[in-house]
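Trainee: Heads up: the sequence shown begins at 187 in my numbering, then just goes up one per residue. So that we are looking at the same thing, I have put the structure below in structure tokens.
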Amino acid sequence: MSVELLVNVAPFETRIARIENNLAEEIYIERERERGLKGNIYKGRVQRVLPGIQAAFVDIDMEKAGFLYAGDIATAKQSDDEISEEIEDSDDGDNGEETAETRPSRRNAPPIANLIKDGQELMVQVSREPIASKGPRLTTQVGLAGRYLVYLPHLDHVGIARRLEDPQERERLLAIGEAINPEKGGIIIRTVAEGRQESEMKQDLDFLLRLWQDIEKRSKSSALGKMIHKELNLYLRVMRDYVDADVEKIHIDSREAYESMKKFARRFMPEVAKKLYYYPGERPIFDVYGVEDAIDRALQRRVPLKSGGHIVIDQTEALIAIDVNSGSFVGSRNMEETGFKTNLEAVHEIVHQLRLRNLGGIIVVDFIDMQEEENKQRLMEVLEEALKRDKAKTHIVQLSELGLVEMTRKRTRESLGRILLNECHRCHGVGSSKSPTTICYELFRVVVAEARAYPCEKLMVIAHPSIIDLLLGEENKGVEQLESFLNKEITLKSDEDFAEDHYEVVLQ
């Protein structure tokens, strides 16, 4: 598989695209004014302990207070597997909402009132970015990520990433981990450490130990709520966490970023330095590789399939709903075969869109109905195989009797749509607005209420021209009946500055 990374850097925004076989599969965006918080370390103050939900609000000098669960406090007991999974989950942590994965550690933690109290000072690290209306999720179990290791200052633990599956390699790396494990704290061996030697991992650990000493020193003199350590910017994080053996080239369109990445690579990952290429072309790099078009398509609700079918993706607060339709595709002998072929094509597009749009949480896919069990089984096999390309953890529930597939995908940072789009100020995310007829009848009711509540000789209705046209046309009889009923004259006035669903009733 051919994999390239495109790094597009501007003073206000950095964008990175992962290209697999000439197709944009993943997009990372970091805006300078909205720089990600994950990995940052703060000197926080506990605002309020909430024993009922085993959590606390912590002030880190931001608009929204951070959220700290009992299971994320360093003195709380967690299993080695939970620690390894939480810290090794790459640069894209989930959003910290209640899931089956987070509940067990919270239930097993001691009462939070026994661990912290209101007003207490804490060193906390952002473990998950704020998403939508939720503040950042915090942890006191600080983890400093290097190239091959994550250093855990508060935990005596040697672990290894779950994605390293070779038993012999796991055994070799764990032996190295035990040999270099510092006197204070512990380490997690990252996936990219596969094949690395003890000297390389020891050099990485020495850097992390020096970094931690500097953080401890700064924490003593820092004011409450202030940041004492800032995580690397996006292009350095992606180079540290996502450049593996599959990545053949990294193209950077900024000379300054290119030099910075070169310097970082020479110090921490010399094998990656030769993969870095400066792109000096006049044509924007995302245009050359078709990434801008891919982003535009990823913001659309409807996604066409090559066969003539299409999928429809709706992102809601509760879940992601995906509907598969055969559309104009009629190239098979019967409905069963048409549905099966469309479903198979849709599977690959669905997985592609999940990665590209960075959609997570509960996902429900409504496939086209199939009757044959063999086709249903084959569809699930293809879906599971397609999801293997996705680094985000996904759990699939078998096809239901209604033809629905339920799955969960580890929710990462904000989805592409929520980063790039604003909620419509007219419909407020509903996707539809009141019809002109509905507005007219609503207006009639307001006129009656106003006329009865306040004495007046006549009334004036001011509304958008389209509503006034309707009142003078199709609904003219309704206006006349209303005048007769109230025994008052009603005059109509249009105002182009009014929104279509806005109107005023003036008493005269």
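For each residue, glycine too, the CB sits at the ideal point set by N, CA and C. Note that the coordinates shown come from a computational prediction; the quantities given were computed from them, not determined experimentally.
Would you check if the distance between the CB atom of Gly257 and the CB atom of Ala210 is smaller than 7 Å?
Mentor: no
Trainee: Return the CA-CA distance between Ala262 and Lys403, expressed in angstroms with no decimal places.
Mentor: Any reading at Ala262 needs caution, since the residue's pLDDT is 44, under 50, leaving its predicted position unreliable; the model's value is listed next. When rounded, the distance between both Cα atoms is 25 Å.
Trainee: Given that a residue counts as buried once 16 or more other Cβ atoms are within 10 Å of its Cβ, and exposed if not, what is Glu558?
Mentor: exposed
Trainee: Using a Cβ-Cβ cutoff of less than 8 Å, which residues in the same chain neighbour Lys674 once the five nearest sequence positions on both sides are dropped?
Mentor: Ala637, Cys642, Glu643, Lys644, Leu645
Trainee: List, from N- to C-terminal side, the beta strand (DSSP E) runs of 3 residues or more that fit wholly inside the region 502–562.
Mentor: 506–511, 547–552
Trainee: For a test of the three-state rule: what should DSSP assign to Ala409, helix, strand or coil?
Mentor: Secondary structure at Ala409: coil, using DSSP grouped into helix, strand and coil.
Trainee: Would DSSP call Arg356 helix, strand or coil?
Mentor: helix
Trainee: Measure the C-alpha to C-alpha separation of Cys613 and Gln501 and round it to an integer number of angstroms.
Mentor: Each residue's alpha carbon lies about 15 Å from the other.
Trainee: What ranges does the alpha helix (DSSP H) occupy inside the region 620–678, keeping only unbroken runs of at least 4 residues that lie completely in it?
Mentor: 622–639, 651–658, 662–672
Trainee: Between Leu505 and Gly547, how many whole angstroms is the CB-CB distance? I'm expecting something under 8 Å.
Mentor: 6 Å
Trainee: How long is the line joining the alpha carbons of Glu364 and Glu190, rounded to whole angstroms?
Mentor: 35 Å
Trainee: Could you pull out every residue in the same chain whose Cβ sits closer than 6 Å to the Cβ of Glu592, ignoring the five residues on either side in sequence?
Mentor: Val550, Val583
Trainee: Using only the alpha-carbon positions, how far apart do Leu545 and Ser408 sit?
Mentor: If you draw a straight line from the Cα of Leu545 to the Cα of Ser408, it is about 37 Å long.
Trainee: Could you pull out every unbroken alpha helix (DSSP H) segment of at least 4 residues lying fully inside the region 389–459, listed in chain order?
Mentor: 420–428, 441–454, 456–459
Trainee: Kindly indicate which residue of His415, Leu462, Glu442 has the alpha-carbon position closest to the one of Met425.
Mentor: It is Leu462.
Trainee: With distances taken between CB atoms, is the gap from Tyr334 to Arg396 smaller than 7 Å?
Mentor: Cβ distance not < 7 Å, so Tyr334 and Arg396 don't count as in contact.
Trainee: Which residues mark the beginning and the end of the beta strand (DSSP E) in which Leu223 is found?
Mentor: For Leu223, there is no enclosing beta strand (DSSP E), as DSSP gives it neither H nor E.
Trainee: Just grab the DSSP bridge partners of Gly243 for me.
Mentor: Before going further, note that residue 243 is Phe rather than Gly in the sequence given. DSSP, once it has assigned bridges, lists Arg234, Phe253 as partnering Phe243.
Trainee: Measure how close the beta-carbons of Gln240 and Ile202 come, nearest whole angstrom, since I'm counting them as under 8 Å.
Mentor: With 8 Å as the limit, Gln240 and Ile202 do not qualify as a contact, their Cβ atoms being about 37 Å apart.
Trainee: If distances are taken between C-alpha atoms only, which option among Ile536, Glu669, Gly664, Lys562 comes closest to Leu573?
Mentor: Ile536
Trainee: Arg597 by DSSP, collapsed to three states: which one?
Mentor: coil
Trainee: For Ile471, which residues from the same chain have a beta carbon less than 7 Å from its beta carbon, with the 5 sequence-adjacent residues on both sides left out?
Mentor: Leu192, Asn194, His437, Asp439, Tyr465
Trainee: Closer than 8 Å is the cut-off here; do at least three beta carbon pairs connect the region 477–491 with the region 453–462?
Mentor: no
Trainee: According to DSSP, Lys303 sits in a beta bridge with which residue or residues?
Mentor: None; Lys303 has no bridge partner.
Trainee: For Asp342 and Gly372, what's the separation of their Cα atoms in angstroms?
Mentor: 5 Å
Trainee: Contact between the region 622–630 and the region 644–662 is defined here as three or more beta-carbon pairs at a separation below 8 Å; is this criterion met?
Mentor: yes
Trainee: Please report the Cβ distance between Ala379 and Leu359, rounded to the nearest whole angstrom; I am assuming they are in contact, meaning their Cβ atoms lie under 8 Å.
Mentor: 6 Å
Trainee: Determine the burial state of Asn529: buried for a count of at least 16 other Cβ atoms within 10 Å of its Cβ, exposed for fewer.
Mentor: buried
Trainee: Terminal residues of the continuous beta strand (DSSP E) containing Gly345?
Mentor: 344–346
Trainee: Does the beta-carbon of Asp392 have 16 or more other beta-carbons within 10 angstroms, so that it is buried, or is it exposed?
Mentor: exposed
Trainee: If you draw a straight line from the C-alpha of Asp430 to the C-alpha of Ile375, how long is it?
Mentor: 15 Å
Trainee: Helix, strand or coil, according to DSSP, for Ile259 in the structure here?
Mentor: Coil.
Trainee: Short check: CB of Leu394 to CB of Gly305, under 7 Å?
Mentor: no
Trainee: Where Gly279 and Glu523 are concerned, what is the direct C-alpha to C-alpha distance, given to the nearest angstrom?
Mentor: Residue placement at Gly279 cannot be trusted, given a pLDDT of 35 that sits under 50; the coordinates are not used to answer.
Trainee: Have a look at Ala443 and Lys562 and give me their C-alpha separation to the nearest angstrom.
Mentor: Answer to the nearest angstrom: the Cα atoms are 48 Å apart.
Trainee: Between Leu324 and the ligand FMN, is there a pair consisting of the residue's CB and a ligand heavy atom that are separated by less than 6 Å?
Mentor: For the structure depicted, the ligand FMN is absent and the ligand set is empty, with no information on it obtainable.
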